[in-house]
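Undergrad:
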Amino acid sequence: MLINYSHKRWATATLALTLAGAAVYAVHHYRSIAAGRTWPSGGSWPGLGFGFLALGLMLFCAAYGLRKKLRRLRLGKAQTWLRAHLWLGLLTGPLVLFHSGFSLGHNLTAWIMLLLLIVFVSGIVGLVLQNLLPRAMLRQVTSEVTYEQIPYVVEALRKEADALVADACGPLGFEPQPTAEELEKMKKKKEKPKEPKKGSAPLKAYYLSEVRPFLEAAYRSSSPLALPQSATAQFEHTRTLIPEDLHEPLKDLSTICDERRQLAKQARIHFWLHAWLMFHGPVAYALTLLAVYHAAVGLMGAW
Amino acid sequence: MARDLTDKNPIHRQKARAQRIDHAYHAKPHPWRRRLFRLSVGLPLAAVAVILVATRFPQGRRLHLPGPVSSRHAVFGDRCQECHAQEAGGWGRVLDEKCMACHDGPVHHVNMVHDGGNWTKGFDPAKGEPVDVQTPQCATCHAEHRDRPRLTEIAAAQCAQCHADLKVTGGEPRFATKIRSFTDGHPEFAAMRAGAPPDGARLKFNHKRHLEKATFPAGSPLAGSNVVCSHCHKLDQNRTYMQPITYEANCQVCHALEVPSASNIGPVAIAHGDPELVAGAVRRAFDRFLVQNGGKLPKRKVPNPNYVEPLPGMPAAEPEFLEQDDARSTEDWALENTAQTLAGFFHPKGTPRGACIKCHYVEDVKGGDAVKIVDPAVPHVWFKHATFNHETHRVLGCTECHTGVYQSQATADVNLPNIKSCQECHAPSGGAQTDCVTCHLYHNRKDANFAGMAKIEHIKHGFKEGAAPAEAPSTGPGKTPEPTAVAPAKTETPPATVKTEAPPDVKTPEQAKTEVKTEVSAEIKTEAKTEVKTLVSAEVKTEAKTEVQTEVKTEALPKAADTKPAIQKGRSVICPKCGLHATTGTRFCARCGAKLK
Chain A
56 MLINYSHKRW
66 ATATLALTLA
76 GAAVYAVHHY
86 RSIAAGRTWP
96 SGGSWPGLGF
106 GFLALGLMLF
116 CAAYGLRKKL
126 RRLRLGKAQT
136 WLRAHLWLGL
146 LTGPLVLFHS
156 GFSLGHNLTA
166 WIMLLLLIVF
176 VSGIVGLVLQ
186 NLLPRAMLRQ
196 VTSEVTYEQI
206 PYVVEALRKE
216 ADALVADACG
226 PLGFEPQPTA
236 EELEKMKKKK
246 EKPKEPKKGS
256 APLKAYYLSE
266 VRPFLEAAYR
276 SSSPLALPQS
286 ATAQFEHTRT
296 LIPEDLHEPL
306 KDLSTICDER
316 RQLAKQARIH
326 FWLHAWLMFH
336 GPVAYALTLL
346 AVYHAAVGLM
356 GAW
Chain B
562 MARDLTDKNP
572 IHRQKARAQR
582 IDHAYHAKPH
592 PWRRRLFRLS
602 VGLPLAAVAV
612 ILVATRFPQG
622 RRLHLPGPVS
632 SRHAVFGDRC
642 QECHAQEAGG
652 WGRVLDEKCM
662 ACHDGPVHHV
672 NMVHDGGNWT
682 KGFDPAKGEP
692 VDVQTPQCAT
702 CHAEHRDRPR
712 LTEIAAAQCA
722 QCHADLKVTG
732 GEPRFATKIR
742 SFTDGHPEFA
752 AMRAGAPPDG
762 ARLKFNHKRH
772 LEKATFPAGS
782 PLAGSNVVCS
792 HCHKLDQNRT
802 YMQPITYEAN
812 CQVCHALEVP
822 SASNIGPVAI
832 AHGDPELVAG
842 AVRRAFDRFL
852 VQNGGKLPKR
862 KVPNPNYVEP
872 LPGMPAAEPE
882 FLEQDDARST
892 EDWALENTAQ
902 TLAGFFHPKG
912 TPRGACIKCH
922 YVEDVKGGDA
932 VKIVDPAVPH
942 VWFKHATFNH
952 ETHRVLGCTE
962 CHTGVYQSQA
972 TADVNLPNIK
982 SCQECHAPSG
992 GAQTDCVTCH
1002 LYHNRKDANF
1012 AGMAKIEHIK
1022 HGFKEGAAPA
1032 EAPSTGPGKT
1042 PEPTAVAPAK
1052 TETPPATVKT
1062 EAPPDVKTPE
1072 QAKTEVKTEV
1082 SAEIKTEAKT
1092 EVKTLVSAEV
1102 KTEAKTEVQT
1112 EVKTEALPKA
1122 ADTKPAIQKG
1132 RSVICPKCGL
1142 HATTGTRFCA
1152 RCGAKLK
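Read top to bottom, the protein sequences are chains A and B. For the first sequence, this note's numbering gives the first residue as 56, with consecutive numbering after it. For the second sequence, this note's numbering gives the first residue as 562, with consecutive numbering after it.
1. Drop a sphere of 10 angstroms on the beta-carbon of V885 of chain B, count the other beta-carbons inside from all chains shown, and report buried for 16 or more, exposed for fewer.
2. Do you know how far the Cα of L764 of chain B is from the Cα of P937 of chain B?
3. Applying the 10 Å Cβ sphere with the 16-neighbour rule, what's the burial state of V266 of chain A?
4. Are the C-beta atoms of T343 of chain A and some chain B residue less than 9 Å apart?
5. Assign A646 of chain B to one of three DSSP states: helix, strand, or coil.
6. Could you list the residues in the segment 154-168 of chain A with a C-beta less than 9 Å from some C-beta on chain B, going in chain order?
7. Would you check if the segment 692-703 of chain B and the segment 968-981 of chain B touch, i.e. whether three or more CB-CB distances between them fall below 8 Å?
8. L600 of chain B CB to nearest chain A CB: under 9 Å?
9. Looking at chain B, is there any beta carbon in it that lies within less than 9 Å of the beta carbon of A211 of chain A?
10. Tell me whether D685 of chain B sits in a helix, a strand or coil according to DSSP, three-state version.
11. Leaving out five residues on either side along the sequence, give the residues of the same chain with a beta carbon under 6 Å from the beta carbon of A752 of chain B.
12. Put S177 of chain A into one of helix, strand or coil per three-state DSSP.
13. Span of the alpha helix (DSSP H) holding D217 of chain A?
14. Check the Cβ-Cβ distances between T147 of chain A and every residue of chain B, and say whether any is below 9 Å.
15. Would the beta-carbon of Y967 of chain B fall within 9 Å of that of L772 of chain B?
16. Have a look at P859 of chain B and Y802 of chain B and give me their C-alpha separation to the nearest angstrom.
17. Would you mind stating whether F684 of chain B and V674 of chain B have Cβ atoms separated by less than 9 Å?
18. Pick from B:F906, B:Q813 and B:V789: whose alpha carbon is nearest that of G958 of chain B?
19. Mind checking which residues open and close the alpha helix (DSSP H) that includes V614 of chain B?
20. Is V729 of chain B closer than 9 Å to Y348 of chain A when the C-beta atoms are compared?
21. How is T696 of chain B classed by DSSP in three states: helix, strand or coil?
22. With DSSP run on the structure shown, which of helix, strand or coil describes K1130 of chain B?
23. State yes or no: is the beta carbon of K589 of chain B nearer than 9 Å to at least one beta carbon in chain A?
24. Would you tell me roughly how many angstroms separate the C-alpha atoms of W327 of chain A and V209 of chain A, rounded to the nearest one?
25. Look up A334 of chain A in the DSSP assignment and say whether it is helix, strand or coil.
26. Could you have a look at D313 of chain A and say whether DSSP puts it in helix, strand or coil?
27. Measure the Cβ-Cβ separation of A68 of chain A and W142 of chain A and say whether it is below 9 Å.
28. Should H1022 of chain B go down as buried or exposed, given a rule of 16 or more other Cβ atoms within 10 Å for buried?
29. In whole angstroms, give me the CA-to-CA distance for M1159 of chain B and T681 of chain B.
30. Determine, using beta carbons only, whether A1048 of chain B comes closer than 9 Å to chain A.
31. Could you give the distance in angstroms between the alpha-carbon of K306 of chain A and the alpha-carbon of H587 of chain B?
32. Please state whether DSSP places R654 of chain B in a helix, a strand or coil.
33. May I ask you to list, following chain order, the residues of the segment 190-201 of chain A that have a beta carbon less than 7 Å from some beta carbon of chain B?
34. H921 of chain B bridges to which residues according to DSSP?
35. Taking the alpha-carbon positions, what's the A704 of chain B to P710 of chain B distance?
36. Taking contact to mean at least 3 C-beta pairs separated by less than 8 Å, is the segment 241-253 of chain A in contact with the segment 183-195 of chain A?
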């Protein structure tokens, strides 16, 4: 979600609530110190209040995941949910610190604080990435496709390149053998297997040695074609080895390789755009569950 | 053949694009989605499972600790029930009863007021009976799991809760009522306040003279060196206070008590003590000389009429005394020399020595034969309501705090530091501790019961597994009629689970008490012996020595003296043996050593 001027009200409300909490905490802290305690206890009434608020916000933030699963129920606008998740999630951090009296806790509470830190940091990192990377992708990946389509498109590119080279250089040797029916059809149409064009051998050799491995499903980042400069140099060099009528297929191959590079870049950007969620989501659920457990154990102890 | 996507024919291009789309892609989930789902479900469940499994084991229970247990309670390990009440399936509040099972926490003041606290029993010495006192709960001040190695480290603010606006039951407070911290509201030390009584040591001592002019005499280990504070004031065994000043330890090296040289029996040291003891020792010195000399008297020293005091540094032309044969009987010689020596000790004008009167006050010198030395009372600890540790202040020179010592000429001078001197360091700006407990004890340790009833197995395995303690320590000095400190009648908290959880075969409190007392008595006796041996002060040693010497003297006295009673005459008694008049209360005759009582 892009952070822009439309978030002003949410940001203002979050800031105001944080300041209000800080004011309450400051009074509570002063009273605790005046009473001779080293830090305000989370079991005091203000401490419990902060704790319950933080737990409630954690549960709400966790519910955002359910909201995404239960789209059909149409529980409010997704945008509102995401904004609330974002800003109220940010508010959780200060509330937990007010609850703990800025102590990092011990044992279970220390684990909870660690998880909170992971969730907090991963969430902020995710927010920053979500604001930066889509723009970078728009600028750098002109041939963007749906992420799930990338393997399919890469295969299509490979087939297209095979067809281009086979058309110019003759069979590449790994095409599937034509079936009897296909051979019969070819006989009827009086088609003959394509003969390699004169002087196409360097193109075929270059394709088989460099280009085709680069177009495999598994991206080879160590290939010279992974870098635009070295790719251009290689294609320029190959162009000097082949006759002029083969320059067009070579140019197409260059375009295909460029497209493959962009798809790889898109996959890489997509990884950074979403990888943080692999930490944020599971750890957030674990945090929520442990926080509920902590509250339950604490309340059982208090009463 | 050109690429389809760059074909000039738009239909070809569209077709090519269409071929590049996997029309079933929406049916295939994102490869990460399943992984994310598994992690989102698995990780929280794993976390909770780990906790649930861990809490089955003693080590795992520490997960619930909100902070480390203080080192003093680490011996309880994972047995939360030793301090906490078990409530609603969890560990609840810390009950005072649980603390009091091991600790004695005598009430701070019987007239203290602490709203909302527990009712417990305190012993009121004025009334001579136990009284109900409302005190804070133990955990109010001694908060566990707070990264504190010692629970007795209480912040000043904790004390200021009451002392900032002190209220008491029944009458006016005896202490300052607006103490917020050591630097805010704390009054001047009692001994240093205007109108405070002077030093009542009942001795004559001049600090200035000793520190500025005194040097150690020849023959002593420190011969020739100037006297400094540490030569006399030495730390006691606990290295907190100074040892009491005694003649033997501090004065004798320079001010030795000797038979005067005029007696001509050589320098003989006399034990320091009561006049009677000194008199006996002097007489014994002459008797011993006779025995050692075969009954032969020494040459008699008489003043030389031709003696002229020489100029400084010049030898005398004539000796001060002349030696003559002594024609007296041995008895007369001993009696006269004894009387002459004692007169020198007790009467400064009689001889130039005046050994006793130099430092001591005498009550009665009437008759000239008996004196009463005023018992010295050198204060050992000045702060009656606070503690002080000299050891922790050892980096400072003595006069940094005791600033007036070098100007002090009178014994009555109180050479303690005032509060401003302490506040130079013990202030927020000074950096040293300012907590009240640095100097003051909250619990009235005078009433503390040090003979605890717990056994080692109680500590190691808990009161539930081991036998329950026979009786928790009482709050009063052995005068509280019942162990009310353990189970106060008006306590707000439920009864201690310590006792309710005791096994059914537990003995009655009386039986257990007797048994425990028997077991610990031997241990306590041994400890007491050791303590007496090691902790006995020089003062006590001196007294013991005096008593032993007196007993020896008594045994050595002629039996006939015991048979004749001393004659009481006014404020004097007459020795039945030699007829010497002595002051009433004198136990032995200064002349013949006969027992007067």
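Backbone N, C-alpha and C define an ideal beta-carbon position, used for all residues, glycine too.
TA: Taking the definition as stated:
1. As a first step, residue 885 of chain B is located in the second sequence; it is residue number 324 there, counting from the start. In the sequence as presented, Val is not what sits at residue 885 of chain B; that position holds Gln. It is exposed - the Cβ of Q885 of chain B has fewer than 16 other Cβ atoms within 10 Å.
2. To locate residue 937 of chain B, count along the second sequence from 1; it is residue 376. To locate residue 764 of chain B, count along the second sequence from 1; it is residue 203. P937 of chain B and L764 of chain B: Cα-Cα distance of roughly 6 Å.
3. To locate residue 266 of chain A, count along the first sequence from 1; it is residue 211. Per the 10 Å Cβ criterion, buried.
4. Your numbering for residue 343 of chain A matches position 288 in the first sequence. Yes, T343 of chain A lies at the interface with chain B (some Cβ there is under 9 Å from its Cβ).
5. For this step, residue 646 of chain B is matched to residue 85 along the second sequence. In this structure, A646 of chain B counts as strand in the three-state DSSP scheme.
6. S158, G160, H161, N162, L163, T164 and W166
7. no
8. In the second sequence, counting from the first residue as 1, residue 600 of chain B sits at position 39. Yes, because at least one Cβ of chain A sits closer than 9 Å to the Cβ of L600 of chain B.
9. The count along the first sequence starts at 1 and reaches residue 211 of chain A at position 156. Chain B, which has a Cβ nearer than 9 Å to the Cβ of A211 of chain A, makes this yes.
10. If you number the second sequence from 1, residue 685 of chain B lands on position 124. Three-state result, D685 of chain B: strand.
11. Here the question's residue 752 of chain B lines up with position 191 in the second sequence. Cβ neighbours of A752 of chain B beyond the five flanking positions: W943, V975 and L977.
12. Along the first sequence, one-based indexing puts residue 177 of chain A at 122. In the structure shown, S177 of chain A sits in a helix (DSSP, three-state: H, G or I).
13. Walking along the first sequence from the start, residue 217 of chain A turns up at place 162. Unbroken alpha helix (DSSP H) run through D217 of chain A: I205 to C224.
14. Your numbering for residue 147 of chain A matches position 92 in the first sequence. No, T147 of chain A lies away from the interface with chain B (no Cβ there is under 9 Å from its Cβ).
15. Residue 967 of chain B sits at position 406 when you count from the first residue of the second sequence. Residue 772 of chain B sits at position 211 when you count from the first residue of the second sequence. Yes, these two residues count as a Cβ contact at 9 Å.
16. On the second sequence, residue 859 of chain B is found 298 positions in, with the first residue counted as 1. On the second sequence, residue 802 of chain B is found 241 positions in, with the first residue counted as 1. Between P859 of chain B and Y802 of chain B, the C-alpha separation is close to 49 Å.
17. For this step, residue 684 of chain B is matched to residue 123 along the second sequence. For this step, residue 674 of chain B is matched to residue 113 along the second sequence. Taking 9 Å as the Cβ cut-off, F684 of chain B and V674 of chain B do not qualify as a contacting pair.
18. In the second sequence, the residue the question calls residue 958 of chain B occupies position 397. It is B:V789 whose Cα lies nearest to the Cα of G958 of chain B.
19. Taking the first residue of the second sequence as 1, we reach residue 614 of chain B at position 53. Start and end: P592 to A615.
20. The residue labelled residue 348 of chain A in the question sits at position 293 within the first sequence. The residue labelled residue 729 of chain B in the question sits at position 168 within the second sequence. No, the pair does not count as a contact, with Cβ atoms beyond the cut-off.
21. Within the second sequence, numbered from 1, the residue matching residue 696 of chain B stands at position 135. Three-state result, T696 of chain B: strand.
22. What you label residue 1130 of chain B is simply residue 569 of the second sequence in a count that begins at 1. Confidence at K1130 of chain B is low in this model, with a pLDDT of 49, below 50, so its placement is unreliable and no value can be given for it.
23. Locating residue 589 of chain B in the second sequence gives position 28, counting from the first residue. Yes, K589 of chain B lies at the interface with chain A (some Cβ there is under 9 Å from its Cβ).
24. As a first step, residue 327 of chain A must be located in the first sequence, where it is residue number 272. As a first step, residue 209 of chain A must be located in the first sequence, where it is residue number 154. Straight-line Cα distance between these residues: approximately 20 Å.
25. Start at 1 with the first residue of the first sequence, and residue 334 of chain A comes out as number 279. One point to set straight first is that residue 334 of chain A is Phe, not Ala, in the sequence displayed. If DSSP states are grouped into helix, strand and coil, F334 of chain A belongs with the helices.
26. Against the first sequence, residue 313 of chain A aligns to sequence position 258. In this structure, D313 of chain A counts as helix in the three-state DSSP scheme.
27. Translated into positions along the first sequence, residue 68 of chain A becomes position 13. Translated into positions along the first sequence, residue 142 of chain A becomes position 87. Yes; because the gap between Cβ atoms is below 9 Å, this pair is in contact.
28. Position 461 of the second sequence, counting from 1, holds the residue named residue 1022 of chain B. Its Cβ having fewer than 16 others within 10 Å, H1022 of chain B is exposed.
29. Residue 1159 of chain B is absent from the structure shown; chain B starts at 562 and stops at 1158.
30. Here residue 1048 of chain B refers to the residue found at position 487 of the second sequence. Reliability fails at A1048 of chain B, whose pLDDT of 34 lies under 50, so the model's placement of it is uncertain and the value that follows must be treated cautiously. It does not; no Cβ of chain A falls within 9 Å.
31. Within the first sequence, residue 306 of chain A is the residue found at index 251, counting from 1. Within the second sequence, residue 587 of chain B is the residue found at index 26, counting from 1. Taking the straight line joining both Cα atoms gives about 33 Å.
32. Taking the first residue of the second sequence as position 1, residue 654 of chain B is located at position 93. It is a strand residue.
33. T201
34. Numbered from 1 along the second sequence, position 360 holds the residue referred to as residue 921 of chain B. BP columns for H921 of chain B point to B:L764.
35. Position 143 of the second sequence, counted from the first residue, corresponds to residue 704 of chain B. Position 149 of the second sequence, counted from the first residue, corresponds to residue 710 of chain B. Between A704 of chain B and P710 of chain B, the C-alpha separation is close to 11 Å.
36. no
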